[in-house]
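The block underneath contains the structure these notes are about, expressed in structure tokens.
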Amino acid sequence: GAVVSQHPSWVICKSGTSVKIECRSLDFQATTMFWYRQFPKQSLMLMATSNEGSKATYEQGVEKDKFLINHASLTLSTLTVTSAHPEDSSFYICSARDDLRGGGDTQYFGPGTRLTVL
Amino acid sequence: GQQLNQSPQSMFIQEGEDVSMNCTSSSIFNTWLWYKQDPGEGPVLLIALYKAGELTSNGRLTAQFGITRKDSFLNISASIPSDVGIYFCAGRQAGGTSYGKLTFGQGTILTVHP
Chain A
1 GAVVSQHPSW VICKSGTSVK IECRSLDFQA TTMFWYRQFP KQSLMLMATS
51 NEGSKATYEQ GVEKDKFLIN HASLTLSTLT VTSAHPEDSS FYICSARDDL
101 RGGGDTQYFG PGTRLTVL
Chain B
1001 GQQLNQSPQS MFIQEGEDVS MNCTSSSIFN TWLWYKQDPG EGPVLLIALY
1051 KAGELTSNGR LTAQFGITRK DSFLNISASI PSDVGIYFCA GRQAGGTSYG
1101 KLTFGQGTIL TVHP
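Chains as they are written, first to last, in our numbering: chain A, 1 to 118; chain B, 1001 to 1114.
Structure below.
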């Protein structure tokens, strides 16, 4: 149980294009999902908290117009990197909190999406 | 934002040895979580701790929620090559305004020599 998927697992795009990454909780409902960014050999950096049915909450320094988040259902959140540039190249990871499982702080992570912007 | 102080940053051990790593904070935490991340993958939950003093095992792994609620440790007994990876501690700070938001340690890179 508590499986989170991400799609795509990797993507290469040209500078200036937009890329959408999907995060799905496969066997549980998740009112809240989180989007992280990770650089090589570094820890996870929280970008935003995605809330089903309401606007995402962005961390300080994260451009909300560049990283669009839509939490359309209890099992799906999407992150769209708009007008991507090479500096946006990174490993993007989502996580989800199980609404019903005890210990609501536990986050289950997806496998990550490697974005490379040329 | 605040980060947890996780140590050691890296460990090089022989197969069969025991491993110990810990995380400390100047703030009180309500939850401590331990994750393992393999290269190119997302973190996988190893152990979750919800109460001060709690000691929980998962196979060869044992973790404890410190009594002061400001620290946690993870032990791995009889290490094997597949234990290689990056281990992260994470926790939810008490009194935080953002529900469910976790703070992460810097990670411990574990290398196991056969």
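From the three backbone atoms N, C-alpha and C, an ideal C-beta is built for every residue, glycine too.
Distance between residue j and residue i (C-alpha atoms, nearest Å)
{"i": "THR1108 (chain B)", "j": "GLN1009 (chain B)", "result": "5 angstroms"}
{"i": "ASP88 (chain A)", "j": "PRO40 (chain A)", "result": "13 angstroms"}
{"i": "TYR36 (chain A)", "j": "VAL1019 (chain B)", "result": "28 angstroms"}
{"i": "THR1031 (chain B)", "j": "SER90 (chain A)", "result": "28 angstroms"}
{"i": "GLU1017 (chain B)", "j": "THR1056 (chain B)", "result": "20 angstroms"}
{"i": "MET1013 (chain B)", "j": "LYS55 (chain A)", "result": "Sequence check: residue 1013 (chain B) is Ile here, not Met. Roughly 46 angstroms between the two C-alpha positions."}
{"i": "THR1062 (chain B)", "j": "ALA1048 (chain B)", "result": "11 angstroms"}
{"i": "ILE1080 (chain B)", "j": "GLY1059 (chain B)", "result": "13 angstroms"}
{"i": "PRO1039 (chain B)", "j": "TYR1050 (chain B)", "result": "28 angstroms"}
{"i": "VAL117 (chain A)", "j": "LYS66 (chain A)", "result": "14 angstroms"}
{"i": "LYS14 (chain A)", "j": "LEU1033 (chain B)", "result": "38 angstroms"}
{"i": "GLY112 (chain A)", "j": "SER9 (chain A)", "result": "6 angstroms"}
Nearest-angstrom beta carbon gap, residue j and residue i [assumed within contact, 8 angstroms]
{"i": "ASP98 (chain A)", "j": "PHE34 (chain A)", "result": "Between PHE34 (chain A) and ASP98 (chain A) the Cβ distance is about 13 angstroms, and since that is not below 8 angstroms, they are no contact."}
{"i": "LYS1070 (chain B)", "j": "THR1103 (chain B)", "result": "Not quite, the Cβ-Cβ distance comes to about 12 angstroms (not below 8 angstroms), so this is no contact."}
{"i": "LEU1084 (chain B)", "j": "VAL1112 (chain B)", "result": "Leu is not the amino acid found at residue 1084 (chain B); the sequence shown has Val there. The Cβ separation is near 5 angstroms, so the contact holds."}
{"i": "GLN992 (chain B)", "j": "GLN1106 (chain B)", "result": "This structure cannot speak to residue 992 (chain B), because chain B is shown only from 1001 to 1114."}
{"i": "THR106 (chain A)", "j": "LYS20 (chain A)", "result": "About 27 angstroms; that fails the 8 angstroms criterion."}
Closer than 8 angstroms at the beta carbon, the chain B residues around residue i
{"i": "GLN29 (chain A)", "result": "Those do not exist, as GLN29 (chain A) stays about 14 angstroms from chain B at its closest Cβ, beyond 8 angstroms."}
Residue i: contacting residues in chain A (beta-carbon distance under 9 angstroms)
{"i": "PHE1088 (chain B)", "result": "SER43 and LEU44"}
{"i": "GLN1106 (chain B)", "result": "GLN42 and SER43"}
Closer than 9 angstroms at the beta carbon, the chain B residues around residue i
{"i": "PRO111 (chain A)", "result": "GLY1040, GLU1041 and GLY1042"}
As assigned by DSSP and simplified to three states, the class of residue i
{"i": "ASP1038 (chain B)", "result": "coil"}
{"i": "SER1082 (chain B)", "result": "helix"}
{"i": "GLU1054 (chain B)", "result": "coil"}
{"i": "GLU87 (chain A)", "result": "helix"}
{"i": "ILE1028 (chain B)", "result": "coil"}
{"i": "SER18 (chain A)", "result": "coil"}
{"i": "GLY110 (chain A)", "result": "coil"}
{"i": "VAL3 (chain A)", "result": "coil"}
{"i": "ILE1067 (chain B)", "result": "coil"}
{"i": "LEU100 (chain A)", "result": "coil"}
Start and end residues, beta strand (DSSP E) containing residue i
{"i": "VAL11 (chain A)", "result": "10 to 13"}
{"i": "SER1077 (chain B)", "result": "From DSSP, SER1077 (chain B) is part of no beta strand (DSSP E); its letter is neither H nor E."}
{"i": "PHE1012 (chain B)", "result": "1010 to 1014"}
Residues that residue i contacts on chain B, provided the C-beta gap is smaller than 7 angstroms
{"i": "THR32 (chain A)", "result": "GLY1100"}
{"i": "ILE93 (chain A)", "result": "GLY1042"}
{"i": "ARG97 (chain A)", "result": "GLY1100"}
Amino acids of chain A, ordered along the chain, whose beta-carbon sits closer than 7 angstroms to that of residue i
{"i": "LEU1045 (chain B)", "result": "THR106 and TYR108"}
Chain-ordered chain A contacts of residue i [CB-CB under 8 angstroms]
{"i": "ARG1092 (chain B)", "result": "ASP105"}
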